[in-house]
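Beneath this line is the structure, given in C-alpha cells, with notes to follow.
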Amino acid sequence: MSDKSSEKDQVLMEKIVSLCKRRGFIFQSAEIYGGANGCWDYGPLGAELKRNLKDYWWRKNVQEREDILGLDGSILTLESVLEASGHLGGFSDPMCDCLLTKARLRADEIDPQSGTAYHYTGASHEESGWSVDRAYSVLLSENQDENKARKTARLYYSQFLSDKQISPKKLELAGESTEEVTDSTSYNPENGSLLTAAREFNLMFKTKMGASADESDPKGTAYLRPETAQTIFVQFKNVVDSNRVKLPFGIAQIGKSFRNEINPRNYTFRSREFEQMEIEYFCREEDGMRLTDEWLETRLSFYEEIGIPREHLHVLDVPDGERAHYSKRTYDIEYEFPFGIQELEGVAYRTDYDLKKHREHSGKPIEFFDDEAKEKLLPHVVEPSAGCDRTILALICEAYDEETITDDKGKEETRIVMRFSPRMAPIKVAVLPLLKNKPELVAKAREVQSMLTPFMNVFYDETAAIGRRYRRQDEVGTPFCVTIDFETLGENGDEDKDTVTIRERDSMEQRRIPISELREYLLDAIV
RNA sequence: GCGGGUGUAGCUCAGGGGUAGAGCGCAACCUUGCCAAGGUUGAUGUCGUGAGUUCGAAUCUCAUCACCCGCUCCA
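In C-alpha cells:
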C-alpha cells in the first residue's frame, strides 16, 4: 500500500470529516473566529468516544493490572526538567531556507564557506517597465566565473515576475557590488544562493510562571509539556516510596501534551495540542528487550479489543539510526488511514537513559532498591506510548462504512453506518417510542430510558418516523435501538407484554426481549 | 515555510457588479405501526475575515485566516 492517498481515499476522508462535524464528533477550534491552526475540539459524541477510549485504556492498564499504578501530572513543566530530558537543547532546530530553490536546511549543519559575495539591490525589465527592489547575494568560490553570480541572481529575481513569459536572461540587475567573505554559513553550498536568516523552530510552548516572573528567575520560565513521560520519570521516586512495588512495574498516565508543529496536517492527526496514553514500565536491564516484545503484543491486542483489526495495523521495527539515540529498540504501531499509513503508538525500550539524566541533573538519589536481589539499581524502562487523538481518528476511520441496501420497492439507497465496537460507541442504546402522539408509549419509553441511564449513555428520540430514527442512530454508530410498541403495552396479549424490540445496528435485525432482561443484555455487549 | 486548490444555509454544492439559491437535513403538526414513508407548515446566511475600486461588491483587486493536495519538517 502506498503512503500517498488516492483520490478515492481523499473523498472518503472528506466524507468522514463532514460527518464528524455534522454529527458533533469533532469541530475546529475557534471556528467562528476563523479557526485555530492545528487545534480541534471534540463535540458531544466525540467527547463520549474519547472518554470510552481513555476509560478502557485505564481499565486494561491500571485497574485490571496489579503491576501498574496511575499518575496524573501537571502540564506546566519547569525548564530544568526539560533541560535534563534533553528537550530544551534538542527540541528546537535553527532552520533556514534557500531563497532560490526554497530548500530547507539545518543552519547548524551548513559547512562554512569562503569566496566572493556578489550583492544586488534589485532587478528590472526595460521593455515591460517591471522592476523589483530586494537585496540578494550569491557567493562564488575563487575559481568560478562571475557571470554565474549574475545568472543565479537573474533566476532569483525572475520568480517575482508576474509575466512568466519574460526570460530571466532579459533582466537587468541593479546595484552590483562585491565583498570577500570567509567562513560564512549564509549561503547555500549547493548553488551559492543567499539563505534566509536562521529561524529557531522551537517545538515547545513556552510560558511564564508566576504573575511577576522575570527573565532572571530560573523558575520563572515554564513549558507546556511536550510529552507526558517526563512527569513519570520525575515522580518515579515518589511513586516508589509511597507504594509497595517490585520490579517490573509500571506507571501509567493519560494527559495532554503540546508541540508547536511546524505544519499541522491530516485533520486531527498532527495537532498542536494532543492527548497521550503512556506507560513507563520499569524493569531490570536483562528484561528490557523481552518486555518490549511482550508489550508490542499486548498493545496490538488492545487495538483489536477496541475494534481496530490486526490486518489494518502495521508494525514497524524502527531500524538502527532512525531510533532516538537512547533507544535500543522501538516498534511503531501504524494504522492504515485514508491519508496513508501513520503511527498510532510507539513501543520504545528507552534503557535507563531518562532516570539517569534526572539523577544527574537533580543530584537526587532516585535509585530503586530491589528487595529480592538486595541491590540498588536504576531500572530500565519500556514505554508503550499511544496517541489518544490519533486512536480516536483511527476508530472513526475504521468505523465509517457505506452500505448499499435495496428497499421493499427495489430502490437502492446508501446507508451510512459507523461500525464502532459497542464498547467504544458514544451512544450505547437509543430508546424509541414507536409513535410520539400516544402518551402510553412515550411514558413506557421514558421508563425504560431512566432504567438504563445510570449504566450507560442512552439516547431518547421520539421525532420523525421510526425508520429515520434507526438510520440516524446508524450514522453515529449506536449499536442498539430499543423500540416501545403496542405489544409492550400488552395489546396483543400477555405474552408480549413488557417486551420491546431490540434492533441491532450491523445486521438491522430485530427481536423481542423482556424489559427485565434489557439491562443485563446491553451491559454484556458493551463491557 | 514554499507552490497549487478551496471557502456561499447544519451538510453537499450551484450561481454571479443590481432583492441570496437548490437538494438533503433540521423543527412543528397529522397517520396503530419497524428501516432515510407521505402530507401540511416553518426556521436558518454579515456569501471565511479585512481593506480597496465602484452609485452599488457575495461577484472585480489586494491582503489576511482556515482547510485540502504536493514539497518541506516531525526531537
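At position 226 of the first sequence (counting the first as 1) the number is 260 in this note's numbering, and the numbers step up by one without a gap.
Heads up, the beta-carbon is just placed ideally off N, CA and C, and yes, glycines get one too.
Asked, Found
"In terms of residue numbering, what span does the alpha helix (DSSP H) encompassing Tyr191 cover?", "180-192"
"Measure from the alpha carbon of Glu474 to the alpha carbon of each residue in Gly511, Thr522, Val451, Ala433, then state which is nearest.", "Thr522"
"I need the DSSP call for Leu523, collapsed to helix, strand or coil.", "coil"
"Between the Cα of Arg384 and the Cα atoms of Ala263, Leu173, Val510, Arg506, which residue gives the shortest distance?", "Ala263"
"Could you check how far apart the C-beta atoms of Tyr90 and Arg457 are, in whole angstroms? I think they sit under 8 Å.", "6 Å"
"Could you check the C-alpha separation between Glu176 and Lys290 for me, to the nearest Å?", "54 Å"
"Who are the Cβ neighbours of Thr265 in its own chain at under 6 Å, not counting the five residues just before and after it?", "Gly107"
"Using DSSP with H/G/I as helix, E/B as strand and the rest coil, what is Thr150?", "strand"
"For the beta strand (DSSP E) that Ala464 lies in, which residues bound it at each end?", "463-467"
"Looking at the unbroken beta strand (DSSP E) that takes in Arg363, where does it start and where does it end?", "363-371"
"Leu557 and Leu83: beta carbons closer than 8 Å?", "no"
"Quick one: complete beta strand (DSSP E) runs, 3+ long, within the region 331-408?", "347-351, 363-371, 374-385, 402-404"
"When DSSP builds the beta bridges, which residues end up paired with Cys317?", "His414"
"Quick one: what's Phe292 bridged to in DSSP?", "Glu307"
"Do you know how far the Cα of Leu205 is from the Cα of Ser192?", "8 Å"
"Does the distance from the CB of Glu319 to the CB of His392 come in under 8 Å?", "no"
"To which residues does DSSP link Lys240 through a beta bridge?", "Tyr257"
"Reducing DSSP to helix, strand and coil, say where Ser227 ends up.", "strand"
"State the DSSP-derived secondary structure class of Ile536, mapped to helix, strand or coil.", "strand"
"Along the chain, where does the beta strand (DSSP E) that runs through Cys73 open and close?", "No beta strand (DSSP E) contains Cys73, which DSSP labels as neither H nor E."
"According to DSSP, simplified to helix, strand and coil, what is Asp131?", "strand"
"Thinking Val534 and Val482 are a contact (beta carbons under 8 Å), I'd like their distance in whole angstroms, please.", "7 Å"
"Report the residue ranges of all alpha helix (DSSP H) runs contained in full by the region 40-120; include only those spanning at least 4 residues, in chain order.", "41-56, 78-92, 113-119"
"How long is the line joining the alpha carbons of Asp540 and Ala559, rounded to whole angstroms?", "14 Å"
"Between the alpha carbons of Asp37 and Leu53, how many angstroms are there, rounded?", "Caution applies to Asp37, whose pLDDT of 42 falls short of 50 and renders its modelled position unreliable; the model cannot decide the point."
"Could I get the ranges of all uninterrupted beta strand (DSSP E) runs contained in the region 484-510, with 3 residues as the minimum, in chain order?", "492-494"
"With contact counted as at least three CB pairs below 8 Å, one residue from each stretch, are the region 344-355 and the region 294-307 in contact?", "no"
"Is the beta carbon of Val381 sitting closer than 8 Å to the one on Thr425?", "no"
"Within the same chain, show all residues whose beta-carbon is closer than 8 Å to that of Asp508, passing over the 5 residues directly before and after it, in chain order.", "Arg449, Ile450, Val451, Met452, Arg539"
"Evaluate contact between the region 171-188 and the region 205-215, counting only Cβ atoms and requiring at least three cross-stretch pairs below 8 Å.", "yes"
"Taking the C-alpha atoms as reference points, what is the distance between Met490 and Gly80?", "16 Å"
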